[in-house]
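> Chains as they are written, first to last, in the numbering used here: chain A, 3 to 484; chain B, 246 to 723.
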Amino acid sequence: MKAKTLKAQALPALLAGTNRQAMSFANGLEVLAHEDAANASLNALSLAAQVLRFERPLPPANFNTEPVIEDHRPILPHAMRRMLIRLLKDKRTTDDLERALAWAFGRCKVRPHPFDLPRIDAFVHAHAEHLGLTAQRWAEQGDDSVAPQQSYFDADDLDEMTWSKAPLAQRARFIADSRKHDAAAARALVESVWTQENADGRVRLLMALEAGLNSSDQPFLEGMVKDRAPRVRSLAQRFLARISGSGAEHPALKACLERIRRSTTGLLKKRPLLALELPATVKEHEAKAWIRNTFAEVGCDELARALALTEMAMIEAAEKDENLLLAFALMAAQDRRLDLLEQIAGGRLKDAWEQLSLCGVQDLGLMPAEERLQWAGVLVRPYGAKLPASYAAWSWLHRSLEGPGPAKLMEAVFRTSRWLSDLQDEKKLGPEWLELLAALCPSSQRPQLRALMMSLDAPLTMTSLPLLDILDSLEKVGHHEQ
Amino acid sequence: MALSLENVEALAPDQASLDAARKLLKPANWAAVASSGDGLIWGECQGSGATPYRVVVSEADSGYECTCPSRKFPCKHSLALMWLRAGAKLPFATAPVPAWVSDWMARRRGPTAASPASSGESSPKASMQAAASDPSEAKSDPKAEARAAAARERNRQEREASVLAGLDELDVWLSDQVGRGLAGFAAQSAQVCRLIAQRLVDAKASGLATRLENLPARLFSLPEAIRPMAAIQELGQVHLLAAAYRRQNANQDALPPGLKADVRQAIGWSVSREALLDDTDAVRVRARWCVVAALSEVQPDRLRRLETWLWRETELEAPRFAVLIDFVPVATGAASGGYSVGDRVEAELVFYPSAVPLRAQIVQLFSGAASSDEPLALPGYNLAEAYRCYEQAMLQQPWLGAWPVCVRGARVRRQGSQLFLYDSDERAAPLALPLLPAQCSLASPLLNIAKLDAIGLWDGYYLTLCWAQTELGRWVNA
Numbered sequence: 003m004k005a006k007t008l009k010a011q012a013l014p015a016l017l018a019g020t021n022r023q024a025m026s027f028a029n030g031l032e033v034l035a036h037e038d039a040a041n042a043s044l045n046a047l048s049l050a051a052q053v054l055r056f057e058r059p060l061p062p063a064n065f066n067t068e069p070v071i072e073d074h075r076p077i078l079p080h081a082m083r084r085m086l087i088r089l090l091k092d093k094r095t096t097d098d099l100e101r102a103l104a105w106a107f108g109r110c111k112v113r114p115h116p117f118d119l120p121r122i123d124a125f126v127h128a129h130a131e132h133l134g135l136t137a138q139r140w141a142e143q144g145d146d147s148v149a150p151q152q153s154y155f156d157a158d159d160l161d162e163m164t165w166s167k168a169p170l171a172q173r174a175r176f177i178a179d180s181r182k183h184d185a186a187a188a189r190a191l192v193e194s195v196w197t198q199e200n201a202d203g204r205v206r207l208l209m210a211l212e213a214g215l216n217s218s219d220q221p222f223l224e225g226m227v228k229d230r231a232p233r234v235r236s237l238a239q240r241f242l243a244r245i246s247g248s249g250a251e252h253p254a255l256k257a258c259l260e261r262i263r264r265s266t267t268g269l270l271k272k273r274p275l276l277a278l279e280l281p282a283t284v285k286e287h288e289a290k291a292w293i294r295n296t297f298a299e300v301g302c303d304e305l306a307r308a309l310a311l312t313e314m315a316m317i318e319a320a321e322k323d324e325n326l327l328l329a330f331a332l333m334a335a336q337d338r339r340l341d342l343l344e345q346i347a348g349g350r351l352k353d354a355w356e357q358l359s360l361c362g363v364q365d366l367g368l369m370p371a372e373e374r375l376q377w378a379g380v381l382v383r384p385y386g387a388k389l390p391a392s393y394a395a396w397s398w399l400h401r402s403l404e405g406p407g408p409a410k411l412m413e414a415v416f417r418t419s420r421w422l423s424d425l426q427d428e429k430k431l432g433p434e435w436l437e438l439l440a441a442l443c444p445s446s447q448r449p450q451l452r453a454l455m456m457s458l459d460a461p462l463t464m465t466s467l468p469l470l471d472i473l474d475s476l477e478k479v480g481h482h483e484q
Numbered sequence: 246m247a248l249s250l251e252n253v254e255a256l257a258p259d260q261a262s263l264d265a266a267r268k269l270l271k272p273a274n275w276a277a278v279a280s281s282g283d284g285l286i287w288g289e290c291q292g293s294g295a296t297p298y299r300v301v302v303s304e305a306d307s308g309y310e311c312t313c314p315s316r317k318f319p320c321k322h323s324l325a326l327m328w329l330r331a332g333a334k335l336p337f338a339t340a341p342v343p344a345w346v347s348d349w350m351a352r353r354r355g356p357t358a359a360s361p362a363s364s365g366e367s368s369p370k371a372s373m374q375a376a377a378s379d380p381s382e383a384k385s386d387p388k389a390e391a392r393a394a395a396a397r398e399r400n401r402q403e404r405e406a407s408v409l410a411g412l413d414e415l416d417v418w419l420s421d422q423v424g425r426g427l428a429g430f431a432a433q434s435a436q437v438c439r440l441i442a443q444r445l446v447d448a449k450a451s452g453l454a455t456r457l458e459n460l461p462a463r464l465f466s467l468p469e470a471i472r473p474m475a476a477i478q479e480l481g482q483v484h485l486l487a488a489a490y491r492r493q494n495a496n497q498d499a500l501p502p503g504l505k506a507d508v509r510q511a512i513g514w515s516v517s518r519e520a521l522l523d524d525t526d527a528v529r530v531r532a533r534w535c536v537v538a539a540l541s542e543v544q545p546d547r548l549r550r551l552e553t554w555l556w557r558e559t560e561l562e563a564p565r566f567a568v569l570i571d572f573v574p575v576a577t578g579a580a581s582g583g584y585s586v587g588d589r590v591e592a593e594l595v596f597y598p599s600a601v602p603l604r605a606q607i608v609q610l611f612s613g614a615a616s617s618d619e620p621l622a623l624p625g626y627n628l629a630e631a632y633r634c635y636e637q638a639m640l641q642q643p644w645l646g647a648w649p650v651c652v653r654g655a656r657v658r659r660q661g662s663q664l665f666l667y668d669s670d671e672r673a674a675p676l677a678l679p680l681l682p683a684q685c686s687l688a689s690p691l692l693n694i695a696k697l698d699a700i701g702l703w704d705g706y707y708l709t710l711c712w713a714q715t716e717l718g719r720w721v722n723a
């Protein structure tokens with residue numbers, strides 16, 4: 003009896019049913035009918051089953067071609083892998099902890115172990131751009147809206163040929179860097195991909211053109227005045243207004259000026275006084291968001307020029323209006339004018355940190371890390387030893403900095419043990435606070451923070467101590483490789 | 246062995262238990278914690294009542310006991326004690342084993358009952374085990390024993406007759422299915438299989454009943470296109486089992502002893518642990534074993550089947566793989582056995598009699614489980630050779646279920662969303678085993694690995710990749 007014969011004769015009958023199609027026991031299958039006629043069909047079933055079980059699975063005619071990924075970043079040390087998975091699996095920690103880890107991976111140019119990517123899938127999808135090329139590829143796999151690429155490039159390897167394939171943040175940084183060397187060439191690169199970008203991409207790339215803005219950009223910017231996205235139109239108009247002699251209208255500036263009331267004060271020497279009038283439709287709790295939306299797209303110099311004041315005089319004139327000072331603080335940070343911010347936060351708006359945190363995340367754009375630390379230092383300094391007890395304010399600072407905070411901040415934490423004990427007394431101190439402190443702590447102060455944490459109850463430090471270990475390890479591997 | 250936080254997490258029945266255990270990590274909750282120095286730790290945890298709960302944990306196999314009334318296993322107190330130990334959050338002073346701990350050790354069923362910790366001087370003065378073996382009560386009545394033996398034999402014969410009658414009904418049912426045709430069997434399998442499974446339970450052929458009860462789920466886990474062929478394979482095996490059972494029943498020597506044992510176990514005759522330990526013919530292997538897979542599956546009878554697959558590291562003429570199978574009620578929440586993938590343990594195993602011995606019980610542990618990242622020294626089989634081993638095993642036991650295959654120099658390839666373990670070795674015909682769809686996401690990082698050594702479980706349709714050794718280190722299905 004041959005397997006081929008058995009299959010040819012028995013399978014059709016078994017599939018269709020022997021009631022419909024009688025099984026043929028000819029051509030070598032006679033033995034089944036002779037030996038046990040009553041059970042011939044069932045014996046044929048068993049034999050057919052064994053024939054099928056011994057058939058080897060055939061490989062597919064062809065396999066997919068996997069993209070080539072040359073990810074040269076060092077991998078997170080093995081000892082830290084389980085710790086990382088435990089922290090990130092099942093979303094048991096805060097967003098701040100996730101962000102701290104992602105930024106540390108990006109800063110130290112280290113990547114998670116490729117085998118761990120499925121286990122920390124949500125984290126990888128949220129922060130792929132910081133985690134290296136393998137993680138970027140992983141994040142794109144499940145995203146149907148993104149066409150899979152055949153090659154991936156790290157930020158350091160980007161050039162004129164490959165830059166457009168990088169994540170948006172890296173592209174914007176590349177364009178900003180290129181503008182410093184050759185503004186026209188960088189603009190030409192943006193022009194070449196402009197039509198393929200979505201609104202977010204267009205805004206970010208346009209913001210990257212801010213560096214080295216000059217009159218040769220005017221034709222390109224004028225083309226954007228009719229862009230589909232209001233944000234792009236507004237930004238383009240702002241840039242056009244900046245280019246001297248362009249004569250373009252700046253609608254955001256106009257909107258600001260409409261809301262600023264000007265008067266004078268003083269008996270002997272008249273001084274200008276500025277006040278912000280909120281629209282009647284803006285309720286108190288919406289005021290901060292309105293200020294941010296209205297003033298974020300205006301530069302300090304533009305507004306001062308429009309008010310016919312110097313920038314310093316403009317700040318002095320607004321010293322009795324907290325809302326206006328807050329608007330100026332926003333503008334100063336946006337313009338990277340830390341001298342002006344210091345004037346505002348130093349004496350006039352001492353809780354600028356908390357006030358700004360209520361406006362939403364401060365996008366510091368392409369501000370370098372050192373400058374960000376200075377910016378944070380300006381905001382933190384007026385608080386001295388009386389640090390804010392608002393978790394949202396600390397979280398905002400961390401999100402704005404995209405990394406550890408200034409050393410002075412942690413010094414204040416170590417110096418004022420009362421701040422922590424107050425939080426504990428008010429039952430506010432939870433693991434999330436310590437995660438945030440660990441995330442904001444510069445590497446040089448981590449031993450001190452670790453010692454402080456060891457004195458607390460174990461449940462409070464379950465996530466923050468491993469976070470410190472991983473951050474230390476990332477920096478060690480990253481620096482070692484560099 | 247040192248308990249690890251991964252062990253604790255794996256043992257926890259749910260997240261709420263872990264969260265509750267976390268709250269017990271404060272030293273103030275623990276009146277005393279101590280260690281015997283050879284793998285036993287215990288402590289007294291203050292609960293809401295006046296008397297603290299007594300908790301004991303065996304580090305060797307993550308066994309535990311607590312006096313609290315919780316219906317979760319392990320309870321939060323046991324988890325907290327393990328956690329304290331794993332995280333070194335409290336010093337565990339070495340102390341003599343107290344009587345209540347010794348008592349628990351003596352009552353324990355399983356490998357550590359014979360472990361050094363429970364033997365010798367630390368044995369309790371009074372225990373249930375000692376009472377059971379008290380010679381003064383052991384004097385038995387020969388007539389009563391003979392009566393009991395006769396009753397047992399009568400029961401056995403009745404069950405044999407009942408099973409045979411059940412198999413006759415099965416034949417009728419199978420004939421009906423074959424008459425109706427198997428092309429559409431999968432669609433109606435849930436209903437028809439449940440009926441015959443119930444009849445087989447009544448006929449005391451519980452093994453076969455479970456096999457048929459699980460059949461619809463098994464068929465529906467396969468692509469629709471291959472379900473008719475799969476139905477032929479599965480029902481063909483069922484008939485083969487029934488025929489083999491009748492044959493061994495009619496003639497005791499018709500089948501080799503191993504295969505006969507396989508048939509009887511598949512039909513539903515179970516072998517108790519005690520009977521297995523008393524079986525002098527059973528294969529016993531003392532070796533160093535490595536845990537290569539820990540699988541968990543909920544069965545239709547609301548029991549969770551926990552499989553721990555072991556790879557023998559010591560060079561011996563003995564089975565290369567062993568599987569420890571435990572069943573726990575789903576309601577307890579326990580989702581894993583005491584061992585994690587990568588654990589190494591020195592132990593003596595006894596294998597259930599079989600033509601292809603795989604299932605085993607631990608007779609004695611000679612070392613606690615220790616986690617290790619050392620690679621395994623896998624034999625130099627390519628995929629085709631590994632597959633040939635599977636075929637040879639199937640020749641010996643035609644209804645073979647999942648079979649462990651180990652292969653070197655393979656790679657993972659993809660076609661669409663399906664992954665395959667592929668061997669492009671030109672010495673043999675190309676072979677590609679499809680990976681279980683549920684693990685495709687977890688295994689997809691292996692696509693970029695040029696060559697890997699792997700251990701997997703092949704069930705005839707899909708390969709469950711359990712362990713892979715690569716240039717980037719070890720990948721495990723956990």
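We treat Cβ as the ideally placed atom computed from N, Cα and C, and that holds for glycine.
Taking the C-alpha atoms as reference points, what is the distance between proline 272 (chain B) and leucine 335 (chain B)?
Looking up residue 272 (chain B) in the second sequence gives position 27. Looking up residue 335 (chain B) in the second sequence gives position 90. The straight-line gap from Cα to Cα measures roughly 7 angstroms.
> Starting from the N-terminal side, write out each stretch of the beta strand (DSSP E) that is 3 residues or longer and does not extend beyond the region 270-318 of chain A.
Those beta strand (DSSP E) runs which fall completely within the region 270-318 of chain A and span 3+ residues are 273-278.
> Determine which residues of the region 43-56 of chain A have a Cβ less than 7 angstroms from any Cβ of chain B, and write them out in chain order.
Cβ contacts with chain B come from Ser43, Leu44, Leu47, Ser48, Ala50, Ala51, Gln52, Leu54, Arg55, Phe56.
> How long is the line joining the alpha carbons of leucine 311 (chain A) and arginine 273 (chain A), rounded to whole angstroms?
By 1-based counting over the first sequence, the position of residue 311 (chain A) is 309. By 1-based counting over the first sequence, the position of residue 273 (chain A) is 271. Each residue's Cα considered, the two are about 11 angstroms apart.
> Determine, using beta carbons only, whether alanine 440 (chain A) and leucine 458 (chain A) come nearer to each other than 8 angstroms.
Mapped onto the first sequence, residue 440 (chain A) falls at position 438. Mapped onto the first sequence, residue 458 (chain A) falls at position 456. Cβ atoms of alanine 440 (chain A) and leucine 458 (chain A): not closer than 8 angstroms.
> Taking leucine 255 (chain A) as the reference, give the member of A:Lys91, A:Ala243, A:Ser265, A:Arg264 with the closest Cα.
For this step, residue 255 (chain A) is matched to residue 253 along the first sequence. For leucine 255 (chain A), the nearest C-alpha among the options comes from A:Ala243.
> How long is the line joining the alpha carbons of leucine 473 (chain A) and glutamine 641 (chain B), rounded to whole angstroms?
As a first step, residue 473 (chain A) is located in the first sequence; it is residue number 471 there, counting from the start. As a first step, residue 641 (chain B) is located in the second sequence; it is residue number 396 there, counting from the start. Each residue's alpha carbon lies about 55 angstroms from the other.
> Should valine 595 (chain B) go down as buried or exposed, given a rule of 16 or more other Cβ atoms within 10 Å for buried?
Locating residue 595 (chain B) in the second sequence gives position 350, where the first residue counts as 1. By the neighbour-count rule (16 or more Cβ atoms within 10 Å), valine 595 (chain B) is buried.
> Would tryptophan 712 (chain B) pass as an interface residue toward chain A - the criterion being a Cβ-Cβ separation below 8 angstroms?
Here the question's residue 712 (chain B) lines up with position 467 in the second sequence. Answer no: the Cβ-Cβ gap between tryptophan 712 (chain B) and chain A never drops below 8 angstroms.
> Can you pull the chain B neighbours of threonine 20 (chain A), defined as C-beta to C-beta under 7 angstroms?
Stepping through the first sequence from its first residue, residue 20 (chain A) is reached at position 18. Chain B residues near threonine 20 (chain A): Val423, Gly424.
> Keeping to the same chain, check which residues put their C-beta closer than 7 angstroms to that of tyrosine 707 (chain B); ignore five residues upstream and five downstream.
Counted from its first residue, the second sequence places residue 707 (chain B) at position 462. Pro679, Leu680, Leu681, listed in sequence order.
> Is the Cβ-Cβ distance between proline 116 (chain A) and leucine 269 (chain B) less than 8 angstroms?
As a first step, residue 116 (chain A) must be located in the first sequence, where it is residue number 114. As a first step, residue 269 (chain B) must be located in the second sequence, where it is residue number 24. Their beta carbons are not under 8 angstroms apart, which means proline 116 (chain A) does not touch leucine 269 (chain B) by this criterion.
> Could you give the distance in angstroms between the alpha-carbon of aspartate 365 (chain A) and the alpha-carbon of serine 402 (chain A)?
On the first sequence, residue 365 (chain A) is found 363 positions in, with the first residue counted as 1. On the first sequence, residue 402 (chain A) is found 400 positions in, with the first residue counted as 1. Answer to the nearest angstrom: the Cα atoms are 6 angstroms apart.
> Of all the CB atoms in chain A, is at least one closer than 8 angstroms to the CB of glutamine 493 (chain B)?
Taking the second sequence and counting its residues from 1, the one referred to as residue 493 (chain B) is at position 248. Judged by the 8 angstroms Cβ criterion, glutamine 493 (chain B) is not in contact with chain A.
> Within a Cβ cutoff of 7 angstroms, which residues of the same chain sit near leucine 710 (chain B), ignoring the five residues on either side of it in sequence?
For the purposes of this step, residue 710 (chain B) is taken as residue 465 along the second sequence, with counting starting at 1. Contacts found: Leu666, Leu680, Gln684, Ala688, Ala699, Gly701, Asn722.
> Straight-line CA distance for leucine 504 (chain B) to methionine 639 (chain B)?
The sequence position of residue 504 (chain B) within the second sequence is 259, counting from 1. The sequence position of residue 639 (chain B) within the second sequence is 394, counting from 1. Cα to Cα, the separation comes out at about 12 angstroms.
> Measure how close the beta-carbons of valine 53 (chain A) and alanine 5 (chain A) come, nearest whole angstrom, since I'm counting them as under 8 angstroms.
As a working note, residue 53 (chain A) is residue 51 in the first sequence. As a working note, residue 5 (chain A) is residue 3 in the first sequence. Right, the Cβ-Cβ distance comes to about 5 angstroms (below 8 angstroms), so this counts as a contact.
> If contact is defined by three or more beta carbon pairs under 8 angstroms, each pair taking one atom from either stretch, is the region 545-554 of chain B in contact with the region 567-574 of chain B?
Yes, since at least three Cβ pairs between the region 567-574 of chain B and the region 545-554 of chain B fall closer than 8 angstroms, the two stretches touch.
> Touch check for the region 180-187 of chain A and the region 209-221 of chain A: three-plus C-beta pairs under 8 angstroms?
Touching, per the Cβ criterion.
> Let me check one thing: in DSSP terms, what residues is alanine 539 (chain B) bridge-paired to?
As a position in the second sequence, residue 539 (chain B) is number 294, starting the count at 1. According to DSSP, which records beta bridges pairwise, alanine 539 (chain B) is partnered with B:Thr553.
> Among A:Arg417, A:Thr96, A:Gly301, whose alpha-carbon lies nearest the alpha-carbon of glutamate 313 (chain A)?
Position 311 of the first sequence, counted from the start, is the residue given in the question as residue 313 (chain A). Nearest of A:Arg417, A:Thr96, A:Gly301 to glutamate 313 (chain A), Cα basis: A:Gly301.
> Tell me whether cysteine 57 (chain A) is buried or exposed, calling it buried when 16 or more other Cβ atoms sit within 10 Å of its Cβ.
Taking the first residue of the first sequence as position 1, residue 57 (chain A) is located at position 55. As written in the sequence, residue 57 (chain A) is glutamate, which differs from the cysteine given in the question. That one is exposed.
> Taking Cβ to Cβ, would you say tryptophan 703 (chain B) is nearer than 8 angstroms to tyrosine 597 (chain B)?
For the purposes of this step, residue 703 (chain B) is taken as the residue at position 458 of the second sequence. For the purposes of this step, residue 597 (chain B) is taken as the residue at position 352 of the second sequence. No. Outside cutoff.
> Would you mind reading off the limits of the beta strand (DSSP E) that contains tryptophan 703 (chain B)?
Here residue 703 (chain B) refers to the residue found at position 458 when the second sequence is read from its first residue. Looking at the DSSP string, the run of the beta strand (DSSP E) that includes tryptophan 703 (chain B) is 697-703.
> Could you tell me which of A:Glu373, A:Lys352, A:Arg350 sits nearest to tryptophan 340 (chain A), measuring between CA atoms?
Sequence index remark: in the first sequence, residue 340 (chain A) carries index 338 (1-based). The sequence given here has leucine at residue 340 (chain A), not tryptophan. The residue with the shortest Cα to Cα distance from leucine 340 (chain A) is A:Glu373.
> For serine 381 (chain B) and alanine 394 (chain B), what's the separation of their Cα atoms in angstroms?
Your numbering for residue 381 (chain B) matches position 136 in the second sequence. Your numbering for residue 394 (chain B) matches position 149 in the second sequence. In this prediction, serine 381 (chain B) scores a pLDDT of 47, lower than 50, which makes its location untrustworthy; no coordinate-derived value is stated.
> With a Cβ-Cβ cutoff of 8 angstroms, do aspartate 98 (chain A) and histidine 400 (chain A) count as a contact?
Residue mapping note: residue 98 (chain A) aligns to position 96 of the first sequence, counting from 1. Residue mapping note: residue 400 (chain A) aligns to position 398 of the first sequence, counting from 1. Closer than 8 angstroms, so yes.
> Identify, in the order they occur along the chain, each residue of the same chain with its Cβ nearer than 7 angstroms to the Cβ of glutamate 477 (chain A), setting aside the five sequence neighbours on each side.
Taking the first sequence and counting its residues from 1, the one referred to as residue 477 (chain A) is at position 475. Only Cys110, Ser445 meet the Cβ criterion.
> Which residues, in order along the region 97-124 of chain A, keep a beta-carbon less than 9 angstroms from a beta-carbon of chain B?
Listed by position, the residues of the region 97-124 of chain A near chain B (Cβ gap below 9 angstroms) are His115, Pro116, Phe117, Asp118, Leu119, Pro120, Arg121, Asp123.
> Look at the alpha carbon of phenylalanine 107 (chain A) and the alpha carbon of leucine 610 (chain B), and state the distance between them as a whole number of angstroms.
By one-based count along the first sequence, residue 107 (chain A) stands at place 105. By one-based count along the second sequence, residue 610 (chain B) stands at place 365. Taking the straight line joining both Cα atoms gives about 43 angstroms.
> Using a Cβ distance threshold of 8 angstroms, determine whether the region 523-534 of chain B contacts the region 580-596 of chain B, with at least three qualifying pairs required.
Cβ pair count under 8 angstroms is three or more, so yes.
> Could you check whether the Cβ of alanine 428 (chain B) sits closer than 8 angstroms to any Cβ belonging to chain A?
Here residue 428 (chain B) corresponds to residue number 183 of the second sequence, with the count starting at 1. Interface residue, yes.
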